[in-house]
Each structure stands twice: as structure tokens, then as C-alpha cells.
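Everything on this sheet refers to the single structure shown next.
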Amino acid sequence: MQLLYLSLDQLEADPSGIRQDQGDIAALAATISEQGLLQPLGVIGIGGDRYRVVYGGRRLAAITSLGYERVPCIKLDLQESDRLTQQLAENVARLDLNDLEKAVAFKRLRDQLSEVGVNGDLDEEVGKRVGLVGRSVRRYLSLLDLPEEVQALLRNGDLNVTQAQHIRRLPNERRQVELARYAADEGMSAAQISGLAAYLTANPELSVEAALDALEGGLELRTERIGEVEQSGGRLSRGSTESVGLDDNDSDIWDDEDDRIQQEHDQFFAVVEEAEAKKNKSRVFRIRSLDQMVDETDRISRAVHEGDFSKWLESDENAPFKVRLVLKQIETLTKALRSTLQNQGWTDEE
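If you read the sequence shown in UniProt numbering, its first letter stands for residue 1, the second for the next number, and so on.
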């Protein structure tokens, strides 16, 4: 290595830099203006008196905006794979990469190692160079198999690699995108996404919102696939998510997080159940459309007409209180619905 002071017209940014988002250059420029350039740029010679910045691309952009004439640089003698490793090491250490950028960078490094004939497990070799185990490298690489819509959420920092791994368990891209968007909008944790992914895999007829409502409301759902439930004659139950079929090739990806995720998963249900107790054990169930409202009303009506209501009366010692409560709620609802009809100028026949 050699320390040089180079003019800006001798420098060019690396066109294949691993960062996709340069971030807030103005803020970095303000810091450099106040404190000075605390770390030299890393460069390699590209012929004549020209140099390419292989790490420090954001600093180069900030310095350019400040009008610096000369900047300190460290000249590196690097092979292509070593150059990429150097970029990765700095950016990972400085937390400058989002998870999707890491995935792209790991793949590029993996491809470079393959081209130069590195022996052994390439994921492990990549891991050695960036301070990760091979299993973690595979997690990041798997992000590149997700739909572009999900990758965009990763790129923007709305999802992280752990959340994306749970989303990847869903069997088709449409459901992956649906869950990813919902998780990002609602700020869901990895444990919540894990629970939803398991239920959606085993209950493909459910929408994301319906599955979340079921989880929050404590509804009993199967955690086996439909064919397995029908064949075994088993009833629907919440049960453990471990019975949901997963891709066997993913088994090694989850080994070092299984206990933590299961603990978070259990804590998620505990919080839900505690919230239910505080609400007099009433189910937390949000209806988000008129269609869902009609469906819920139909379920109540069928419970009465098909005899379930009568059975509940016989087995529930608190039936008098609960029936009066339901009646009061229905009367309030009926009044509100009639008021809506009147305000909208609709008739009951419509």
C-alpha cells in the first residue's frame, strides 16, 4: 500500500461499486467540511496517472461537492476478488449496505471466486472473506430469488433478511408479494411474519388479512396442508407451525435461528392472548370490508339456524349474560344500519 495525495481529476468512481443507494451525500459533505476527511480513499491504478476509487465512493462524491483540490488516497494492489472483498469488508463494517446490496455483493464475490478456481464450498469461502458463516451467506443469496416487488422493499429498508426468509417459505410469488407488502405496511416483526407464513402455507384459501385476524382472534386453524388434514381426518387447530411442510433444501438455513424465532413466535401469541384477556376475552377481529362484514353476519346466522347456538346455550353457564350482550350489540348494529339506509336515501328493499 502507498499513501498518495491525488487531485480529483485523477480519480473516477468504480462503475461496478456494490452500493446501490449512495444515501445522503449532503449530510456527509457537511460532516467532512466540519471535521475533515478522517479516512483516505482506497484506489487502484488504471493506467497513466489515473486511479479508480474502490472504496470510499460516497466520500468521493461528498468531497467533489465541496470543491477539494487534492485528497489523501491509499493505493492498493488488488486482484479483482480482493478488490471486491475490500469493498465488502469496509461497507459491511460501516453498515453502509442494505440486505439486498449485501446479497448482490456476495453473489458477485462468489462468482469471482468461482472464476479464479477457488476450491471448497464457495459460500463458506465468501463467508471467510466477509466475516460470516456460509449459512448466513446462503440466506442473503436466497434474497435474489424473491420477486422484484419484495426485493424493492428490501432495497428500501422496509424488510430485512430474516423477515424475507420467512416470506420466502410461501409457495408462490403472488402470496410472497402480498405478505411482504402487508408486513412492510404494518411494521410486522419476523416472528409475526413467521406465524402468518406458516398459516398461509397450510391454509392457502385465506387472505393475508384474514390469516392475521385469525391469529389475533385466537381462531383455530390447521397447520397441515389441506390434503394431509383430510387424509388424517384431523380437525382444524392452531397447533405448532412445525407441522407445515417446508422446502427440504432450506433446512440448513434455519438451524441457528430456530430457537430464537420459536421463542419470539411464542411471545407473539402470549401478547395476543394477554390482550384478549384484558378485553374480557373478546376476540380481536378487524373487519376490513363490507364483504367480510356480510360473511361474518352469515356465520352468525348459520350458527343459529343450524343448531350450534342451541348447543352453546346448554353448555355455557354464562349464556344468559352473553345472549343479552349479543342482543344489545345486534340492536345497536341494526339501528346504525337503518340510519345509514336513511342517510344514503336507500330503501330496505335494496
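The beta carbon of each residue, even a glycine, is placed where N, CA and C say it ideally should be.
Predicted model, so just to flag it, every value in this text is computed and none were measured.
- 7 Å or more divides the Cβ of Gln192 from the Cβ of Val150.
- Per the Cβ contact rule, the stretch 23-33 is in contact with the stretch 58-65 (3 or more Cβ pairs under 8 Å).
- Pairing Asp9 with Ile32, the inter-Cα distance amounts to about 19 Å.
- In the three-state reduction of the DSSP assignment, Tyr68 falls in the coil class, being assigned neither a helical nor a strand state.
- By the neighbour-count definition (other C-beta atoms within 10 Å, threshold 16), Gln165 is a buried residue.
- Taking the CA atoms as reference points, Asn203 sits about 31 Å from Lys322.
- Pairing Leu4 with Lys75 gives a Cβ-Cβ distance under 7 Å.
- In this model, Lys328 and Ser207 are separated by some 31 Å (Cα to Cα).
- Sequence-distant partners of Glu173 (beyond 5 residues in either direction) whose C-beta falls short of 7 Å from its own C-beta, in its chain, are Pro147.
- Residue state for Gln39 is assigned as coil, using DSSP reduced to three classes.
- Bounds of the alpha helix (DSSP H) holding Gln192 are Ala190 to Ala202.
- The continuous stretches of alpha helix (DSSP H) do not include Gln10, and DSSP gives it neither H nor E.
- Taking C-beta atoms as the reference points, Leu159 and Leu153 count as a pair closer than 7 Å.
- Closest option to Val54, judged by alpha-carbon separation, among Glu205, Cys73, Ile300 and Glu125: Cys73.
- For Gln163, the number of other beta carbons within 10 angstroms of its own is at least 16, and it is reported as buried.
- Cβ neighbours of Leu179 within its own chain (closer than 8 Å, five residues either side excluded): Ile167, Leu170, Ile193, Leu196, Ala197, Leu200 and Val208.
- Of the other Cβ atoms in all chains shown, 16 or more fall within 10 Å of the Cβ of Gly42; this residue is therefore buried.
- Residue state for Arg169 is assigned as coil, using DSSP reduced to three classes.
- The alpha carbon of Gln35 has as its nearest neighbour, out of Ile46, Leu66, Glu296 and Ser339, the alpha carbon of Leu66.
- Following the DSSP letters along the chain, one finds Val54 in no alpha helix (DSSP H) but inside the beta strand (DSSP E) bounded by residues Arg50 to Tyr55.
- The continuous stretches of alpha helix (DSSP H) do not include Glu317, and DSSP gives it neither H nor E.
- For the 7 Å CB-CB criterion, Asp99 and Val161 form a contact.
- In this structure, Arg52 places its C-beta atom within 7 Å of the C-beta atom of Asp14.
- For Leu113 against Val130, the beta-carbon gap comes to about 12 Å, at or over 8 Å, which does not count as contact.
- For Glu296, the enclosing alpha helix (DSSP H) begins and ends at Leu290 to His305.
- In this chain, Glu205 is not harboured by any alpha helix (DSSP H), its DSSP state being neither H nor E.
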